[in-house]
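Taking UniProt numbering, the leading residue of the sequence shown gets 1, the next gets one more, and so forth. Quick reminder that beta carbons are idealized off the backbone N, C-alpha and C, glycines included. Here's the structure we're looking at; comments come further down.
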Amino acid sequence: MPQPFHLSYFLQGSSVHAWGSPFIGTIGQDWQSASFFRDLAQGLERACFDYLLIEDSIYVGENWQNSRDLFLKTGLCIPRQEPSVVATLLAASTSRLGIVPTLSTFAYHPYLTARITGSLDQISGGRAGWNMVTGSSDFAAQNFGMQAMPEHDKRYEMAEEYVEIVKGLWGSWAPGAQVGGLEPGEESGQLFDPSKVNTIDFEGEYYASRGPLNSGPTVQDRPVIAQAGGSKMGIRFAARHADTIVAAPDGAENMRAYREQVRAQMVENGRDPDSCKVLFLVSPIVEETEEMARWKSEQRRVEAEQNMDVRLARLGWTINIDFSEFDLDQPVGELTTNGHQTTLKQFLEAAGQNTLREAVLERATKGYGVDLVGTPDSVAAQMEEAMEVAGGDGFLIALGDLSRRSLATITDGLVPALQRRGLVRKKYEHEMLRDNLLAF
Ligand SMILES: Cc1cc2nc3c(=O)[nH]c(=O)nc-3n(C[C@H](O)[C@H](O)[C@H](O)COP(=O)(O)O)c2cc1C
C-alpha cells in the first residue's frame with residue numbers, strides 16, 4: 001500500500017484571482033461578499049483537504065515604478081480582506097476542514113492573536129490554525145506607524161518571544177478548567193475552577209502580557225501553528241514551534257533535503273519529527289488530455305511574455321524590490337533584500353547568468369516546487385513520484401487562476417484520481433484539525 005499524504009490549499013488572499021482570465025464569472029461584482037471563498041472551502045472539504053491556509057499581506061503594493069497604479073489597475077495582490085473575518089465565515093460554512101488564517105506578528109499583538117485563534121478554535125469545534133508570519137514589507141510596517149520592518153533575523157528573534165506568549169495564553173486555561181454545565185440538563189452552578197485559570201506574567205524584551213486569556217479554553221490542545229520560514233532562522237523557528245510547515249523548495253530532491261533538515265532539527269529540540277507535517281507548494285495543471293494540459297502550461301509563458309510588467313511587479317512584491325528600472329536584457333546579477341530571502345535566493349540560483357527577462361519567463365512557466373501537468377491520472381502519478389523522493393508529508397496547492405472552474409480540476413478531477421491510488425484520504429478520520437494532521 002502506498003503511504004498516503006496530506007493536502008492543503010493556499011488561498012492567496014484575494015477572490016479576484018481569475019480577473020483577466022476568460023472565466024471571471026461575476027467576481028467583479030461579488031468579490032466583497034466572500035461567497036467565492038465559501039464555495040472554495042466547501043469544495044476543499046468535499047475533497048477531504050486537511051486545511052485551507054488564508055495568506056495575508058497588509059498593504060497595497062507599490063513595488064513597480066514606485067506607484068500603486070499597476071497593482072490597482074490589475075487587481076494584483078489586492079484586495080485582501082482581514083483573514084480572521086474570512087476565517088469565521090469559512091468555519092461556519094464547513095464542519096471538518098481546518099481553517100488557518102495568517103496573522104502577522106508585526107501587526108497583531110500576541111494577546112490578540114491568541115484570542116482570535118482561540119475563539120476560532122471554539123466556534124469551529126477545534127479546527128483552527130494560525131499561519132505565523134513575521135511580515136516583510138516596509139510598506140506594511142508604515143501602515144502600523146513604523147518606518148520599516150525590523151531586520152530579517154531580528155524578526156525571528158522577536159517571534160520567539162511572541163510565540164511563547166501566544167502558547168502561554170492558550171495554556172492559561174488548564175485542562176478541566178470548566179467544571180459546570182458539561183452535561184445537558186445540568187443545573188447552573190459553578191462554571192469554571194479559578195485555580196485552573198492563571199496569569200502568565202510574561203515580560204520580554206519586545207513584548208509583555210499578563211493573561212489569562214479572557215476568551216476561555218481552546219478546544220484542541222492548542223490551535224495548530226503553521227509556518228513558512230525558509231531561511232536558517234526560519235527553519236530553526238519552524239522546527240521549534242510548527243505543527244505544519246508550508247514550503248516551496250525547487251524540485252523533489254530539494255524538498256527531501258528541506259524536510260530532512262527540519263526533521264533533524266526537531267529531534268535536536270526533543271520533538272517527534274512526525275508531529276509536524278511539511279507540505280510543499282505546487283500548482284497543478286489538470287486537463288482532460290495531455291495535449292490540453294501542455295497547451296495550458298505553455299500559456300503561462302505566453303501570458304508572462306505579454307504581461308512582463310505584472311510578472312515583475314508580482315515578483316517584486318514578494319521580495320520587496322522594484323524591478324521597473326532594471327534592464328530586462330541584462331543578467332539579473334546580485335540582489336539583496338530585507339524581505340523574503342528564500343524566494344530571492346531561489347530566484348537568483350535559477351536565474352544563473354540568464355537575463356532578467358529569461359529568468360522571469362522561466363519562473364512563470366514552472367508551477368512552483370515540481371511542475372505538475374497532465375490528466376488527473378498522470379498528475380496523480382507525478383505527485384506520487386515526487387512524494388516518494390521527498391519522503392512525505394504532502395502538498396499545499398495554489399492555483400494562479402483560481403476560479404470555480406479551475407478549482408473543480410483539483411477537487412473533482414485530481415483528488416478522485418489520488419483517492420483511487422490510495423494516496424489521499426477518502427473521508428476525514430477525525431473532527432479536529434490536529435487529529436486529522438496526525439492521522440497518518
Ligand atoms: C507557502 C508560503 C506561504 C507564505 N505565506 C505568507 C503570508 O501569508 N504572509 C506573509 O507575510 N508571508 C508569507 N510567506 C513568507 C514566509 O513567512 C517567509 O517570510 C518566507 O518563506 C521567507 O522565509 P524567511 O523569512 O525564513 O527567509 C509564505 C511563504 C511560503 C513559502
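Exposure of residue i, with buried meaning 16 or more beta-carbon neighbours within 10 Å
i      : result
Asp401 : buried
Leu52  : buried
Phe23  : exposed
Val179 : exposed
Glu62  : buried
Asp262 : In the sequence as displayed, the identity of residue 262 is Val instead of Asp. Counting Cβ neighbours within 10 Å, Val262 comes out buried, since at least 16 surround it.
Lys426 : exposed
Phe144 : exposed
Ser188 : exposed
Gln227 : buried
Ala398 : buried
Met146 : exposed
Local conformation of residue i per DSSP, three classes
i      : result
Leu53  : strand
Gly28  : helix
Trp170 : helix
Ala128 : strand
Thr355 : strand
Leu372 : coil
Thr318 : helix
Trp295 : helix
Lys277 : strand
His6   : strand
Gly98  : strand
Asp332 : In the sequence on display, residue 332 carries Val and not Asp. Residue state, collapsed to three classes: coil.
Ser324 : coil
Ser136 : coil
Ser104 : strand
Any non-hydrogen atom of ligand 1 closer than 7 Å to residue i Cβ
i      : result
Phe10  : yes
Glu55  : yes
Gly229 : yes
Leu396 : yes
Val224 : no
Leu103 : no
His340 : yes
Gly98  : no
Val133 : yes
Gly392 : no
Gly234 : yes
Ser84  : no
Val246 : yes
Ser136 : yes
Leu7   : no
Original post:
Whole beta strand (DSSP E) runs in the segment 177-249 with 3 or more residues, listed along the chain?
Top reply: 224-227 and 244-247
**OP:** Report the residue ranges of all alpha helix (DSSP H) runs contained in full by the segment 59-88; include only those spanning at least 4 residues, in chain order.
**Re:** 69-74
Subject >> Entirely enclosed beta strand (DSSP E) segments - the segment 369-439, minimum 3 residues >> reply: 394-397
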